[in-house]
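Counting from 8, one number per residue, gives the positions in the sequence shown under our numbering.
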Amino acid sequence: MVSFLKKIEDYVLAILLASLLGYHLIPYHNVTSEVQPYVQEFQVKMWDKCTPEQIRPTWQVSVMVVDDVSHFNKETVGVCHYRLLGFDVTLRRDFWEYLDDVGKQQLIYHELLHCYLNVEHENGTIMDAYHIAFTKEHMEKQLDYFLDKVCPK
Ligand SMILES: [Zn+2]
Numbered sequence: 008m009v010s011f012l013k014k015i016e017d018y019v020l021a022i023l024l025a026s027l028l029g030y031h032l033i034p035y036h037n038v039t040s041e042v043q044p045y046v047q048e049f050q051v052k053m054w055d056k057c058t059p060e061q062i063r064p065t066w067q068v069s070v071m072v073v074d075d076v077s078h079f080n081k082e083t084v085g086v087c088h089y090r091l092l093g094f095d096v097t098l099r100r101d102f103w104e105y106l107d108d109v110g111k112q113q114l115i116y117h118e119l120l121h122c123y124l125n126v127e128h129e130n131g132t133i134m135d136a137y138h139i140a141f142t143k144e145h146m147e148k149q150l151d152y153f154l155d156k157v158c159p160k
């Protein structure tokens with residue numbers, strides 16, 4: 008009993024210390040319903056092609072569209088922040104509303120390739136630093152191309 012209490016005490020201390028240091032150790036999956044179908048589509052493809060070792064640790068995943076765009080650069084439409092245990096993707100509302108279905112899918116794929124698989128920008132692809140409109144068919148090929156590249160058989 009004493010050692011059990013000691014373990015709880017250690018756990019509480021670890022959480023307190025971690026939060027003082029700015030780490031949040033509690034896992035969460037915060038994906039809003041408007042982005043969820045695109046995120047899920049990406050995950051299914053990624054889990055099909057990649058092993059867990061090829062995917063970055065993601066205890067904490069947040070993907071959301073935000074109304075407050077004051078912290079975005081003028082040209083930035085989405086951002087991936089990868090942290091120690093996971094990532095936050097934030098997308099600006101005004102651009103999101105302007106995109107059609109394929110454009111939304113493309114933007115999510117772009118950010119998730121950054122976040123889950125550490126893919127860098129590549130000109131003329133869905134990983135271009137600027138958003139280029141692709142057709143649905145073209146975009147699916149692009150996703151396959153990047154998944155094959157970072158998760159070779
Ligand atoms: Zn990017």
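Glycine included, each C-beta is placed from N, C-alpha and C at the ideal position.
Pull the bridge partners of residue i from the DSSP assignment, please.
| i | result |
| --- | --- |
| threonine 97 | Met71, Val86 |
| histidine 36 | Val68 |
Could you round the C-beta distance between residue i and residue j to whole angstroms and report it? I think they count as a contact, below 8 Å.
| i | j | result |
| --- | --- | --- |
| threonine 65 | tyrosine 116 | Not really, about 16 Å apart at Cβ, beyond 8 Å. |
| valine 70 | valine 38 | 5 Å |
| cysteine 87 | histidine 138 | Not really, about 14 Å apart at Cβ, beyond 8 Å. |
| glutamate 118 | glycine 85 | 5 Å |
Measuring from the CB of residue i, is there a heavy atom of ligand 1 at a distance below 7 Å?
| i | result |
| --- | --- |
| histidine 138 | no |
| histidine 88 | no |
| histidine 78 | no |
| histidine 36 | no |
| histidine 145 | no |
(message) Under 8 Å, with one C-beta from each stretch per pair, do the stretch 40-54 and the stretch 75-91 reach the 3-pair mark?
(response) In this structure the stretch 40-54 does not touch the stretch 75-91; the number of beta carbon pairs closer than 8 Å is below three.
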